[in-house]
Amino acid sequence: MRRRGENHFPETPAMALRVPYTDIESGLDDAIQLSPIDEGAIVMTGIVVESLFRNGIAGEGSGYEVIVEGTVRGSSSGIVLGSEFAADNTLTVHAGGAVSGFNLGAAVLGNRARIDNAGAIFGPNYAVGFFIDAPDEKAVLVNSGRIVGGVAGVTVLSSPAGTMEIVNSGLILGEVVSYAPFDAGSTVREIITNSGRMVGDVFTRAGDDRLDNARGTIVGTVDLGAGNDTYAPGAARDVAIGGDGRDLLDFSASTGVRVFLDGSGTNTGAAGSDSLTGFEDILGSAAGADQLRGTGDANAIAGFGGNDTLEGMAGNDTLTGGAGNDSLDGGTGNDLLAGGAGLDVLLASAGADVLRGNGGADRLTGGAGRDTLTGGAGADDFIYLARVQGGDTITDFGRGNDDIHIKASAFGGGLRAGALDPDQFVARASNRALDADDRFIFRTTDKTLWFDANGSAAGGLLLVADLQASATLTAGDIVLI
1 MRRRGENHFP
11 ETPAMALRVP
21 YTDIESGLDD
31 AIQLSPIDEG
41 AIVMTGIVVE
51 SLFRNGIAGE
61 GSGYEVIVEG
71 TVRGSSSGIV
81 LGSEFAADNT
91 LTVHAGGAVS
101 GFNLGAAVLG
111 NRARIDNAGA
121 IFGPNYAVGF
131 FIDAPDEKAV
141 LVNSGRIVGG
151 VAGVTVLSSP
161 AGTMEIVNSG
171 LILGEVVSYA
181 PFDAGSTVRE
191 IITNSGRMVG
201 DVFTRAGDDR
211 LDNARGTIVG
221 TVDLGAGNDT
231 YAPGAARDVA
241 IGGDGRDLLD
251 FSASTGVRVF
261 LDGSGTNTGA
271 AGSDSLTGFE
281 DILGSAAGAD
291 QLRGTGDANA
301 IAGFGGNDTL
311 EGMAGNDTLT
321 GGAGNDSLDG
331 GTGNDLLAGG
341 AGLDVLLASA
351 GADVLRGNGG
361 ADRLTGGAGR
371 DTLTGGAGAD
381 DFIYLARVQG
391 GDTITDFGRG
401 NDDIHIKASA
411 FGGGLRAGAL
421 DPDQFVARAS
431 NRALDADDRF
441 IFRTTDKTLW
451 FDANGSAAGG
461 LLLVADLQAS
471 ATLTAGDIVL
481 I
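Residue numbers for the sequence shown follow full-length UniProt numbering, beginning at 1 and rising by one.
See below:
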């Protein structure tokens with residue numbers, strides 16, 4: 001380990017250089033140049049390491065650990081550790097420590113790079129930089145201090161892929177941006193957890209990124225790029241673009257939100273005043289009553305906790321109620337609706353839908369099309385509001401526990417709301433009515449329920465539901481509404 005120019009410190013192989021009480025200033029060279037056999041450097045409190053033309057501290061090898069309690073300055077960069085093919089370099093800036101450069105504050109290059117900053121890192125152009133060189137490798141930035149860049153606060157270069165993790169509880173001023181200078185198809189993944197303040201736009205690339213801003217503030221636009229990304233908005237106004245891929249809005253750390261992906265309503269709660277575009281999926285809050293609405297595309301919407309209202313709209317949607325007494329409306333398309341432990345209302349529309357009540361006493365309405373209905377545990381109601389809803393499969397009908405509700409005025413045949421007259425029900429091996437009074441025929445050979453508006457007269461026969469092989473049915477299981 002040596003300082004270029006005049007060397008005031010003896011080399012100490014495999015040990016870190018300690019700069020405890022003597023300032024170091026260099027003219028044309030790096031103030032401290034780490035050699036391949038060195039472990040790093042420690043700049044103690046009150047010490048200034050400065051290069052007037054190059055870097056404050058530099059080393060192109062691997063395994064360096066640099067600790068800054070004092071001040072490091074460079075006319076090019078404050079600190080540059082590693083190279084494209086290096087690994088395991090770390091920089092720690094303690095509270096009261098400062099690193100700055102005329103171009104770049106600090107860069108840690110190579111795989112498994114890490115910066116922990118509780119002090120200050122400044123760069124008129126770029127404050128902090130990383131380079132990741134392998135798909136399975138990861139770089140980490142933990143900031144509780146200040147990172148200030150005139151253009152970018154954090155710059156991530158990658159080729160061809162990798163993971164960049166940023167944990168911020170302090171201030172990052174300047175863009176957070178990811179580049180792939182040597183590989184346009186790079187899929188570097190960013191994992192950003194912000195509980196502090198970030199001022200500047202955030203641009204990620206084609207990886208499956210996650211940005212958690214639920215407890216922080218971002219003043220700028222978040223553009224998540226391609227990939228299946230997740231964004232958790234904060235309490236302040238967020239501007240976020242999902243980009244290509246399936247992107248998720250995560251409100252699980254919030255309480256009671258209204259989110260309209262189709263723009264048809266006013267977002268409230270943690271989504272209030274936000275501009276959220278290019279997202280397909282929503283995860284609601286852990287507590288509170290959410291209202292979550294999708295778009296005309298295929299959406300996945302989960303209510304999580306609270307008594308939620310979920311609307312899929314058009315498209316083949318997946319709606320999941322979670323805990324609470326939820327209302328799920330799939331809209332048109334072939335939808336999957338799943339309740340939770342509460343008393344849920346599941347409503348499908350046109351399409352071949354799958355409805356699962358799960359726990360609790362649920363109400364399931366299949367809508368037009370041949371749907372598959374599963375009530376789950378609890379006393380469930382299977383509801384038919386129109387004749388076109390017939391032809392469903394009910395997978396777990398339990399006699400004496402579950403009911404089939406029929407809208408009398410829609411089915412006709414002289415039905416009246418109330419309890420079904422036992423004379424209007426028959427169970428037999430055929431689906432043919434025995435007399436003019438019969439309206440509902442339970443065919444015991446295949447466990448199917450039929451409706452005949454004309455009784456024993458010709459015509460009027462309609463399949464209501466297939467109750468599956470183990471089902472039994474009586475007149476008391478049918479309720480006219």
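Beta carbons are placed, not taken as given, at the ideal position from N, Cα and C, and that holds for glycine.
How big is the Cα-Cα spacing for residue i and residue j?
i: S275; j: N213; result: 14 Å
i: G78; j: S264; result: 51 Å
i: G375; j: D262; result: 30 Å
i: F451; j: G414; result: 12 Å
i: L336; j: G330; result: 8 Å
i: D223; j: D209; result: 11 Å
i: G101; j: A87; result: 23 Å
i: D297; j: E84; result: 42 Å
i: R399; j: D362; result: 15 Å
i: residue 482; j: R293; result: The question about residue 482 has no answer, for the chain in this structure spans 1 to 481.
i: R258; j: D290; result: 6 Å
i: R439; j: G412; result: 10 Å
i: A436; j: F382; result: 26 Å
i: L81; j: A106; result: 8 Å
i: L104; j: P124; result: 7 Å
i: L347; j: F304; result: 18 Å
i: D421; j: T474; result: 11 Å
i: D38; j: Y64; result: 7 Å
i: I67; j: I42; result: 5 Å
i: A95; j: N117; result: 8 Å
i: T255; j: A287; result: 5 Å
i: T163; j: A465; result: 51 Å
With which residues is residue i paired in a DSSP beta bridge?
i: A87; result: N111
i: D452; result: L461
i: F131; result: L109, L157
i: M164; result: A139, E190
i: S35; result: Beta-bridge pairing links S35 to no other residue.
i: S178; result: V156
In this structure, how does DSSP classify residue i when only helix, strand and coil are distinguished?
i: F382; result: strand
i: D392; result: strand
i: F397; result: coil
i: S264; result: coil
i: G269; result: helix
i: F102; result: coil
i: A475; result: helix
i: Q424; result: helix
i: R189; result: strand
i: R387; result: helix
i: Y126; result: strand
i: L434; result: coil
i: D329; result: strand
i: Q468; result: coil
i: I301; result: strand
i: L173; result: strand
i: F279; result: coil
i: G351; result: coil
i: A314; result: coil
i: R439; result: coil
i: R416; result: coil
i: residue 513; result: Residue 513 lies beyond the stretch modelled for the chain, which goes from 1 to 481, so this question has no answer here.
i: M15; result: With a pLDDT of only 46 at M15, under the threshold of 50, the placement of this residue in the model should not be trusted; the figure read from the coordinates follows. Correct three-state label for M15: coil.
i: H94; result: coil
Would you give the residue range spanned by the alpha helix (DSSP H) that residue i belongs to?
i: S409; result: 408–411
Can you give me the start and stop residues for the beta strand (DSSP E) that residue i sits inside?
i: L337; result: 336–338
i: T155; result: 146–158
i: F122; result: 120–123
i: G250; result: Correcting the residue identity first, residue 250 is Asp in this sequence and not Gly. Per DSSP, D250 belongs to the beta strand (DSSP E) from 248–250.
i: F53; result: Looking at the DSSP string, F53 is not in any beta strand (DSSP E), and its letter there is neither H nor E.
i: T71; result: 71–74
i: S77; result: 77–81
i: D223; result: 221–223
i: I42; result: 40–43
i: R363; result: 363–365
i: E65; result: 65–68
i: T230; result: 230–232
i: A240; result: 239–241
i: R210; result: 210–212
i: T374; result: 372–374
i: V199; result: 197–199
i: R293; result: 291–293
Answer yes or no: does any C-beta atom of chain D fall closer than 8 Å to that of residue i?
i: E50; result: No chain D appears in the structure shown, which is made up of a single protein chain.
Discussion item. For the pair the region 430–449 and the region 362–373, tell me if three or more CB-CB distances fall below 8 Å.
Written reply: As far as the Cβ criterion goes, the region 430–449 does not touch the region 362–373, which means the pair count is below three.
Discussion item. Would the region 425–445 count as touching the region 384–392 if we require 3 or more Cβ pairs under 8 Å?
Written reply: No contact exists between the region 425–445 and the region 384–392.
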